[in-house]
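Here is the structure we will look at.
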Amino acid sequence: MNHNHPITRLGALALTGVAALTLVTACSGDDEPAGNAAQAAAGGPEPKTVEGAKVAAQTVFDRFAGGDFAGAWDMYTAAGKQAISKDDYVKLNQACSRKGLAIQLTSARLEGTDKAVVIAKQLVAAQSYTMVYENNAWKLEPAKEGLALYKLGAAKAIAAQKKAGTCAGQ
């Protein structure tokens with residue numbers, strides 16, 4: 000498992016007592032028409048469906064795995080963006096993240112109308128993530144531990160990651 004993914008590595012930090020952060024088959028098996036993803040890509044509202052949540056979550060994870068940290072930050076909830084600036088998020092992940100390890104969605108389910116829980120797998124480890132529907136789009140909601148780490152700012156968050164041994168760039 001890549002503990003240096005901004006989401007999973009922070010989950011590992013929680014296990015070590017340091018602040019931490021904590022999506023390809025839908026549980027229902029229902030398929031949404033392909034037009035929904037095209038509609039979202041064209042700038043319209045994203046579909047408020049489990050499929051819409053899955054597409055958005057996979058996009059976040061693809062951006063992260065590809066090193067597009069600014070693009071991944073753009074898909075965070077308002078609370079996630081308030082916890083860390085885009086510049087600090089990029090600095091933190093450039094310093095501590097391992098790029099290039101694919102993250103694959105394995106399942107998803109809706110929890111009400113504005114929230115989805117998605118399961119993603121990286122290497123052999125799986126973890127759940129929460130997607131929230133905000134302003135006509137699905138956004139990744141960082142876990143409480145991740146928000147706490149982000150609020151430290153880039154320099155202190157990098158230092159905390161290095162101290163915990165979860166910074167890939169050390």
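Note that numbering that gives the first Met the number 0 gives residue 107 to position 108 of the sequence shown, counting from 1, and the numbers run on in steps of one. Using N, Cα and C, we set each Cβ at its ideal position, and we do this for glycine too.
Grouping DSSP H, G and I as helix and E and B as strand, with all else coil, what is residue i?
i	result
residue 151	coil
residue 144	helix
residue 98	coil
residue 139	strand
residue 48	coil
residue 82	helix
residue 70	helix
If you measure between the beta carbons of residue i and residue j, is that distance less than 8 angstroms?
i	j	result
residue 50	residue 135	no
residue 62	residue 167	no
residue 153	residue 67	no
residue 74	residue 48	no
residue 56	residue 139	yes
Since residue i sits in a beta bridge, which residues does DSSP pair it with?
i	result
residue 77	Paired residues: none, contrary to the question.
residue 116	108 and 129
residue 103	120
Excluding sequence positions up to five away, which residues of its chain have a Cβ less than 7 angstroms from the Cβ of residue i?
i	result
residue 69	85 and 89
residue 157	91, 94, 95 and 166
Would you grab the beta carbon distance between residue i and residue j for me? Rounded to a whole angstrom, and I think it's under 8 angstroms.
i	j	result
residue 100	residue 125	14 angstroms between Cβ atoms; not a contact.
Which residues in the same chain as residue i place their Cβ atom closer than 6 angstroms to its Cβ, once the five residues preceding and following it in sequence are excluded?
i	result
residue 151	none
residue 72	85 and 88
residue 160	95 and 166
Consider the Cβ of residue i: report whether some Cβ of chain C lies at a distance smaller than 8 angstroms.
i	result
residue 133	No chain C is present in this structure, which holds just one protein chain.
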